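Asks: Residue 213 in this note's numbering sits at position 209 of the sequence shown; the count goes up by one each step and never skips.
Yeah, the Cβ is synthetic: ideal placement off N, Cα and C, and Gly gets one too.
Remember, predicted model here, so these are calculated numbers, not experimental data.
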Amino acid sequence: MSAGAAGDDGAGGGPGGDGLFPEPFATGRARTVVAPGAVHVPGWLSAERQRELVTVCRGWARGPVPIRHTVLPNGGVMSVQTVCVGWHWQPYRYTRSAGDVNGARVAEFPSWLAELGRAALVDAYGDPAAGAAYAPDTALINFYDGDARMGMHQDKDERSAAPVVSLSIGDSCVFRFGNAEGRGRPYTDVRLASGDLFVFGGESRFAYHGVPKVYPGTAGPGTGMSGGRLNITLRETGLTDPSGT
Ligand code: SIN
Ligand code: FE2
């Protein structure tokens with residue numbers, strides 16, 4: 005158990021106080037450095053924590069800004085469905101309100117989620133100090149059905165170079181992690197399964213990445229999902245109000 009200590013009420017108050025996340029590498033599963041600054045930690049989320057996150061993401065998917073397929077400037081529609089917390093992402097900027105959906109302000113970014121992000125950095129980088137300065141203020145929550153995928157892209161709409169923390173729940177996928185120069189090779193295909201953590205920061209922060217394939221029916225029982233893949237990425241926008249309202 006590691007992130008399972010993240011609190012007993014994922015839907016609300018979340019954890020508080022000392023002694024949280026006391027067990028780096030507690031899962032004992034292999035941690036892989038995919039590229040400098042890019043680390044895959046399989047099985048990082050306990051089953052309980054996965055269920056809590058599914059429950060809270062379900063709530064966010066309902067509103068105040070409902071989950072939707074993002075429309076791209078070229079008129080294309082993303083196959084994944086996305087809902088945001090803290091700041092709303094639309095191509096290619098962050099705002100507080102979802103002008104491209106229903107105009108509502110997105111849900112507040114909860115402090116327990118920032119705490120989870122800090123714990124993720126500590127475990128991924130194996131450094132108790134790694135999370136100290138990390139203050140994620142947005143989460144992009146993506147839902148993939150069996151046919152959804154995400155093309156190779158950089159996460160570069162943030163004004164901060166702080167790491168991206170990625171949590172996967174549900175069906176497994178191929179996560180293609182490339183380089184900062186372009187969409188092509190070299191890249192590494194990593195299979196992300198339910199409960200896995202992937203962090204990319206440092207030299208890898210602006211590496212191209214994507215999800216070329218989801219494997220339907222691979223989630224196993226106990227996530228609370230009936231199918232599909234949930235991915236939560238935590239980021240620092242580097243924005244402050246009122247500039248991006
Ligand atoms: C993303 O690149 O924003 C999402 C990646 C993933 O779904 O694993
Ligand atoms: Fe991304």
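1. Which ranges would you report for the beta strand (DSSP E) in the stretch 83-122 if only whole runs of at least 3 residues count?
2. The alpha helix (DSSP H) spanning S38 covers which residue range?
3. Answer with buried or exposed for T241, where buried requires no fewer than 16 other C-beta atoms within 10 angstroms of its C-beta.
4. Which of the three DSSP states, helix, strand or coil, is assigned to V69?
5. Between which two residues does the beta strand (DSSP E) holding R180 run?
6. Anyone know if the C-beta pair for M154 and V84 falls short of 7 Å?
7. Cβ-heavy atom distance between V215 and ligand 1 below 6 Å?
8. For L125, name the three-state secondary structure that DSSP assigns.
9. Throw me the rounded Cβ distance for the S176 and A152 pair, which I believe falls under 8 Å.
10. Any heavy atom of ligand 1 within a distance shorter than 6 Å of the CB on F179?
11. Does DSSP put F29 in a helix, a strand or coil?
12. Can you tell me whether D245 sits near ligand 2, meaning its C-beta is under 6 Å from at least one heavy atom of the ligand?
13. Please list the terminal residues of the continuous beta strand (DSSP E) segment that includes F250.
14. Across which residues does DSSP place Y219 in a beta bridge pair?
15. Taking contact to mean 3 or more Cβ pairs, one atom from each stretch, closer than 8 Å, check whether the stretch 48-61 and the stretch 221-239 are in contact.
16. Where V178 and I145 are concerned, what is the direct C-alpha to C-alpha distance, given to the nearest angstrom?
17. Within the chosen definition, does the stretch 62-75 reach the stretch 125-132 through at least 3 CB pairs nearer than 8 Å?
18. Please classify R163: does DSSP put it in a helix, a strand, or coil?
Replies: According to the data block:
1. For the stretch 83-122, whole beta strand (DSSP E) runs of length 3 or above, ordered along the chain, are 92-94, 97-99.
2. A quick correction: the sequence has Val, not Ser, at residue 38. Secondary structure note for V38: it is in no alpha helix (DSSP H), and the uninterrupted beta strand (DSSP E) holding it is 36-39.
3. Of the residues assessed, T241 falls on the buried side of the cut-off, its CB having 16 or more other CB atoms within 10 angstroms.
4. It is coil, neither helix nor strand.
5. Unbroken beta strand (DSSP E) run through R180: 176-181.
6. Yes, the pair counts as a contact, with Cβ atoms nearer than the cut-off.
7. Taking the Cβ of V215 as the reference point, at least one heavy atom of ligand 1 falls within a distance shorter than 6 Å.
8. When DSSP states are grouped into helix, strand and coil, L125 belongs to the helix group.
9. Actually they do not touch by this definition, with Cβ atoms about 13 Å apart.
10. Checking the Cβ of F179 against ligand 1 gives yes.
11. Its pLDDT being 40, under 50, F29 is placed unreliably by the model, and nothing is read from it.
12. Checking the Cβ of D245 against ligand 2 gives no.
13. Since the first residue shown for the chain is 5 and the last is 249, residue 250 is missing from the structure and cannot be characterised.
14. DSSP output for Y219 lists S176 as bridge partner(s).
15. Verdict: yes, contact present.
16. Rounded to the nearest angstrom, the two C-alpha atoms are 17 Å apart.
17. Contact between the stretch 62-75 and the stretch 125-132 is not established, with fewer than three Cβ pairs separated by less than 8 Å.
18. The answer is coil: DSSP assigns R163 none of H, G, I, E or B.
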